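Heads up, the thing below is written out as C-alpha coordinates.
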Amino acid sequence: MSDADGTWVSLFSGGKDSVWALYQALENDLEVSHLVTVHPKGDSYMYHVPATDLAALAADSIGIPLVDVEPDDFEADAAADSSAQGDDELEPLEAALVDLDNRLEGGIAGVTAGAVESEYQTSRIQGMCDRLDCELFAPLWQEDPRELADAMLEAGFEITIVQVAAHGLDESWLGRTLDREALEELERLNDAYGVHILGEGGEFETLVVGGPHMDQRIALEYDTEWDGTRGRVRITDARLE
(Lines of atoms letter the chains of each structure in order from A and count residues from 1; the text may use other names and numbers.)
(Lines give C-alpha, C1' and ligand atoms only; values in the text may rest on other atoms or scores of the structure.)
Protein backbone atom coordinates (compact mmCIF):
# COMPACT_ATOMS: atom_id res chain seq x y z
CA MET A 1 0.00 0.00 0.00
CA SER A 2 2.56 2.56 1.09
CA ASP A 3 5.73 3.41 -0.76
CA ALA A 4 6.99 5.33 2.26
CA ASP A 5 10.05 4.27 4.17
CA GLY A 6 9.58 2.95 7.67
CA THR A 7 7.29 0.36 9.17
CA TRP A 8 3.67 0.14 10.24
CA VAL A 9 2.31 0.36 13.77
CA SER A 10 -0.92 -1.36 14.77
CA LEU A 11 -3.27 0.15 17.36
CA PHE A 12 -4.02 -3.01 19.28
CA SER A 13 -6.40 -3.81 22.12
CA GLY A 14 -6.72 -7.57 21.64
CA GLY A 15 -10.36 -7.08 20.65
CA LYS A 16 -11.69 -8.38 17.35
CA ASP A 17 -11.75 -5.09 15.41
CA SER A 18 -8.18 -3.98 16.08
CA VAL A 19 -6.93 -7.54 15.58
CA TRP A 20 -8.77 -7.78 12.25
CA ALA A 21 -7.13 -4.53 11.13
CA LEU A 22 -3.74 -5.98 12.06
CA TYR A 23 -4.51 -9.27 10.30
CA GLN A 24 -5.58 -7.46 7.14
CA ALA A 25 -2.40 -5.37 7.23
CA LEU A 26 -0.31 -8.54 7.43
CA GLU A 27 -2.36 -10.12 4.62
CA ASN A 28 -1.63 -7.01 2.53
CA ASP A 29 2.12 -7.47 3.17
CA LEU A 30 2.45 -4.35 5.30
CA GLU A 31 5.49 -4.58 7.54
CA VAL A 32 4.05 -4.20 11.05
CA SER A 33 6.96 -3.71 13.45
CA HIS A 34 5.07 -2.80 16.64
CA LEU A 35 1.71 -3.13 18.32
CA VAL A 36 0.59 -0.24 20.54
CA THR A 37 -1.88 -0.76 23.38
CA VAL A 38 -3.44 2.03 25.43
CA HIS A 39 -4.56 1.00 28.92
CA PRO A 40 -7.39 3.29 30.07
CA LYS A 41 -7.97 3.25 33.83
CA GLY A 42 -11.68 4.03 33.55
CA ASP A 43 -14.35 4.58 30.94
CA SER A 44 -13.03 5.91 27.66
CA TYR A 45 -14.51 7.63 24.63
CA MET A 46 -11.58 6.61 22.43
CA TYR A 47 -10.37 3.18 23.47
CA HIS A 48 -11.44 -0.41 24.05
CA VAL A 49 -11.19 -0.82 27.84
CA PRO A 50 -11.60 -4.41 29.15
CA ALA A 51 -8.79 -6.97 29.32
CA THR A 52 -6.15 -4.79 27.65
CA ASP A 53 -3.63 -6.31 30.09
CA LEU A 54 -3.88 -9.50 27.98
CA ALA A 55 -2.59 -7.66 24.91
CA ALA A 56 0.97 -8.60 25.90
CA LEU A 57 0.05 -12.28 25.85
CA ALA A 58 -1.55 -11.89 22.44
CA ALA A 59 1.50 -9.99 21.17
CA ASP A 60 3.75 -12.83 22.33
CA SER A 61 1.63 -15.29 20.37
CA ILE A 62 1.63 -13.06 17.29
CA GLY A 63 5.37 -12.42 17.56
CA ILE A 64 5.31 -8.62 17.22
CA PRO A 65 6.74 -6.33 19.97
CA LEU A 66 4.18 -4.44 22.04
CA VAL A 67 4.41 -0.84 23.24
CA ASP A 68 2.24 -0.12 26.31
CA VAL A 69 0.80 3.36 26.82
CA GLU A 70 -0.17 4.01 30.43
CA PRO A 71 -1.88 7.42 30.41
CA ASP A 72 -3.44 9.29 33.29
CA ASP A 73 -6.91 8.25 34.40
CA PHE A 74 -9.33 8.30 31.46
CA GLU A 75 -12.45 8.00 33.57
CA ALA A 76 -15.16 9.94 31.78
CA ASP A 77 -16.47 13.08 33.45
CA ALA A 78 -20.20 13.35 32.78
CA ALA A 79 -19.89 17.14 32.77
CA ALA A 80 -16.93 17.15 30.39
CA ASP A 81 -17.24 17.93 26.72
CA SER A 82 -16.84 14.61 24.88
CA SER A 83 -14.96 16.23 22.02
CA ALA A 84 -12.43 17.80 24.36
CA GLN A 85 -12.04 14.55 26.29
CA GLY A 86 -11.45 12.60 23.08
CA ASP A 87 -8.69 15.03 22.14
CA ASP A 88 -7.18 14.72 25.63
CA GLU A 89 -7.27 10.93 25.47
CA LEU A 90 -5.43 10.96 22.15
CA GLU A 91 -2.46 12.94 23.52
CA PRO A 92 -0.61 10.08 25.31
CA LEU A 93 -1.05 7.79 22.29
CA GLU A 94 0.26 10.45 19.92
CA ALA A 95 3.21 11.14 22.22
CA ALA A 96 4.07 7.42 22.23
CA LEU A 97 3.87 7.28 18.44
CA VAL A 98 6.05 10.38 18.06
CA ASP A 99 8.64 8.68 20.27
CA LEU A 100 8.40 5.47 18.24
CA ASP A 101 8.61 7.44 14.98
CA ASN A 102 11.85 9.00 16.20
CA ARG A 103 13.33 5.65 17.24
CA LEU A 104 12.40 3.58 14.19
CA GLU A 105 14.73 3.58 11.21
CA GLY A 106 12.69 5.28 8.51
CA GLY A 107 10.03 6.25 11.04
CA ILE A 108 6.38 5.20 10.95
CA ALA A 109 4.96 4.61 7.46
CA GLY A 110 1.42 4.10 8.70
CA VAL A 111 -0.98 3.16 11.49
CA THR A 112 -3.69 0.49 11.49
CA ALA A 113 -7.00 1.04 13.27
CA GLY A 114 -10.12 -1.07 13.77
CA ALA A 115 -12.84 1.59 13.60
CA VAL A 116 -16.04 0.49 11.84
CA GLU A 117 -18.49 3.39 12.02
CA SER A 118 -17.20 5.79 14.68
CA GLU A 119 -16.46 9.13 13.04
CA TYR A 120 -15.52 10.30 16.55
CA GLN A 121 -12.58 7.89 16.72
CA THR A 122 -11.60 7.79 13.07
CA SER A 123 -11.42 11.56 12.56
CA ARG A 124 -9.09 11.88 15.54
CA ILE A 125 -6.86 9.01 14.44
CA GLN A 126 -6.75 10.43 10.90
CA GLY A 127 -5.78 13.82 12.29
CA MET A 128 -3.03 12.19 14.34
CA CYS A 129 -1.71 10.38 11.26
CA ASP A 130 -1.75 13.63 9.32
CA ARG A 131 0.37 15.27 12.02
CA LEU A 132 2.74 12.27 11.97
CA ASP A 133 2.85 12.44 8.16
CA CYS A 134 1.92 8.78 7.87
CA GLU A 135 -0.90 6.73 6.35
CA LEU A 136 -3.97 5.30 8.06
CA PHE A 137 -5.07 1.74 7.24
CA ALA A 138 -8.66 1.21 8.45
CA PRO A 139 -9.94 -1.89 6.59
CA LEU A 140 -13.18 -2.17 8.63
CA TRP A 141 -14.25 1.42 8.00
CA GLN A 142 -17.90 1.58 6.80
CA GLU A 143 -17.93 -2.08 5.82
CA ASP A 144 -21.04 -4.22 6.40
CA PRO A 145 -20.91 -5.45 10.03
CA ARG A 146 -22.27 -8.95 9.35
CA GLU A 147 -19.92 -9.45 6.40
CA LEU A 148 -16.99 -8.38 8.59
CA ALA A 149 -18.01 -10.77 11.37
CA ASP A 150 -18.43 -13.65 8.90
CA ALA A 151 -15.01 -12.89 7.41
CA MET A 152 -13.41 -13.03 10.86
CA LEU A 153 -14.92 -16.44 11.52
CA GLU A 154 -14.02 -17.72 8.05
CA ALA A 155 -10.41 -16.66 8.65
CA GLY A 156 -10.35 -18.76 11.80
CA PHE A 157 -10.66 -16.12 14.52
CA GLU A 158 -11.77 -17.44 17.91
CA ILE A 159 -13.49 -14.52 19.65
CA THR A 160 -14.60 -14.45 23.30
CA ILE A 161 -17.11 -11.90 24.63
CA VAL A 162 -15.64 -10.31 27.77
CA GLN A 163 -18.12 -7.50 28.53
CA VAL A 164 -21.76 -6.71 27.77
CA ALA A 165 -23.85 -3.60 28.34
CA ALA A 166 -27.01 -3.62 26.24
CA HIS A 167 -30.68 -4.57 26.47
CA GLY A 168 -31.04 -8.18 25.36
CA LEU A 169 -27.52 -9.21 26.36
CA ASP A 170 -27.67 -11.07 29.68
CA GLU A 171 -25.08 -12.78 31.87
CA SER A 172 -25.07 -15.86 29.62
CA TRP A 173 -23.18 -13.85 26.99
CA LEU A 174 -20.16 -13.37 29.26
CA GLY A 175 -17.39 -15.70 28.14
CA ARG A 176 -19.43 -16.83 25.15
CA THR A 177 -17.70 -17.51 21.84
CA LEU A 178 -18.81 -15.18 19.06
CA ASP A 179 -19.78 -17.83 16.52
CA ARG A 180 -22.41 -17.91 13.77
CA GLU A 181 -25.18 -18.86 16.20
CA ALA A 182 -24.29 -15.84 18.34
CA LEU A 183 -24.22 -13.62 15.24
CA GLU A 184 -27.72 -14.75 14.28
CA GLU A 185 -28.93 -13.87 17.78
CA LEU A 186 -27.20 -10.49 17.54
CA GLU A 187 -29.00 -9.83 14.26
CA ARG A 188 -32.32 -10.48 16.01
CA LEU A 189 -31.28 -8.16 18.86
CA ASN A 190 -30.30 -5.56 16.28
CA ASP A 191 -33.80 -5.71 14.84
CA ALA A 192 -35.44 -5.62 18.26
CA TYR A 193 -33.25 -3.19 20.20
CA GLY A 194 -30.72 -1.74 17.79
CA VAL A 195 -27.79 -3.74 19.21
CA HIS A 196 -24.85 -3.34 16.81
CA ILE A 197 -23.74 -6.69 15.43
CA LEU A 198 -20.08 -5.83 16.07
CA GLY A 199 -20.76 -4.00 19.35
CA GLU A 200 -19.62 -0.73 17.79
CA GLY A 201 -21.75 1.24 20.25
CA GLY A 202 -20.15 -0.42 23.28
CA GLU A 203 -22.87 -3.08 23.54
CA PHE A 204 -20.20 -5.73 24.01
CA GLU A 205 -16.41 -6.09 24.01
CA THR A 206 -14.31 -9.01 22.88
CA LEU A 207 -10.94 -10.71 23.10
CA VAL A 208 -9.44 -12.68 20.23
CA VAL A 209 -8.01 -15.83 21.83
CA GLY A 210 -6.99 -17.66 18.66
CA GLY A 211 -6.48 -17.15 14.95
CA PRO A 212 -4.23 -17.73 11.96
CA HIS A 213 -1.97 -14.84 12.97
CA MET A 214 -1.24 -16.44 16.36
CA ASP A 215 1.24 -19.22 17.09
CA GLN A 216 -0.53 -20.19 20.31
CA ARG A 217 -4.08 -19.90 21.58
CA ILE A 218 -4.84 -17.92 24.76
CA ALA A 219 -6.50 -20.10 27.42
CA LEU A 220 -8.64 -18.22 29.95
CA GLU A 221 -9.98 -18.93 33.40
CA TYR A 222 -12.44 -16.40 34.71
CA ASP A 223 -15.30 -15.42 36.96
CA THR A 224 -18.21 -13.26 35.85
CA GLU A 225 -19.47 -10.05 37.42
CA TRP A 226 -23.09 -9.05 36.74
CA ASP A 227 -25.05 -6.14 38.18
CA GLY A 228 -28.42 -6.92 36.63
CA THR A 229 -28.03 -4.88 33.45
CA ARG A 230 -24.37 -5.16 32.50
CA GLY A 231 -21.38 -7.30 33.34
CA ARG A 232 -17.88 -8.39 32.53
CA VAL A 233 -15.54 -11.33 32.64
CA ARG A 234 -12.98 -11.06 35.45
CA ILE A 235 -10.02 -13.08 34.24
CA THR A 236 -8.30 -15.04 37.00
CA ASP A 237 -5.69 -16.76 34.82
CA ALA A 238 -4.53 -16.52 31.22
CA ARG A 239 -1.80 -18.44 29.46
CA LEU A 240 -0.65 -19.46 26.01
CA GLU A 241 -1.26 -23.09 25.10
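Just so we're aligned: 131 in numbering that gives the first Met the number 0 is position 132 of the sequence shown, and the numbers increase by one with no gaps anywhere.
In this text, a Cβ means the ideal position worked out from N, Cα and C, and glycines have one as well.
For clarity, every value in this text was computed on a predicted model and none was experimentally measured.
- For the pair E30 and T6, the CB atoms are nearer than the 8 Å cut-off.
- Buried is the label assigned to S17, since at least 16 other Cβ atoms lie within 10 Å of its Cβ.
- Taken in chain order, the complete alpha helix (DSSP H) segments of 4 or more residues contained in the segment 127-170 are 144-154.
- Shown here for D67: same chain residues with a beta carbon closer than 6 Å to its own, the five before and five after excluded, namely T36 in chain order.
- In the three-state reduction of the DSSP assignment, T121 falls in the helix class, which pools H, G and I.
- Between L182 and T205, the gap from beta carbon to beta carbon reaches 8 Å or more.
- For the pair D59 and L188, the CB atoms are not nearer than the 8 Å cut-off.
- In this structure, the straight-line span from the alpha carbon of L185 to that of D132 is close to 39 Å.
- Between A57 and V163, the CB-CB gap reaches or exceeds 8 Å.
- By a beta-carbon distance limit of 8 Å, L89 contacts R123. Their separation comes to about 5 Å.
- DSSP, read as helix, strand or coil, puts R233 in strand.
- Between S32 and L103, the beta carbon gap of about 7 Å places them in contact (Cβ cut-off 8 Å).
- The straight-line gap separating the alpha-carbon atoms of S9 and G198 is approximately 21 Å.
- The C-beta separation of E224 from R233 comes to about 5 Å, placing the pair in contact by the 8 Å criterion.
- Looking at the backbone, the Cα of D236 and that of H195 are separated by about 30 Å.
- By the C-beta density criterion, H166 is exposed, having fewer than 16 other C-beta atoms within 10 angstroms.
- For V110, the enclosing beta strand (DSSP E) has its first and last residue at 107-111.
- Residue nearest to M127 within the set Q141, P144, A108, E180 is A108 (criterion: CA-CA distance).
- The Cβ atoms of L173 and A20 do not sit closer than 8 Å to each other.
- Pairing L152 with R179 gives a Cβ-Cβ distance under 8 Å.
- Counting every other CB atom within 10 Å of its CB across the protein chains shown gives G14 a total of 16 or more, marking it as buried.
- It is roughly 14 Å from the alpha-carbon of E93 to the alpha-carbon of H38.
- W7 is bridged by DSSP to V31, G109.
- Under the DSSP assignment, I196 falls outside any alpha helix (DSSP H); it carries neither an H nor an E label.
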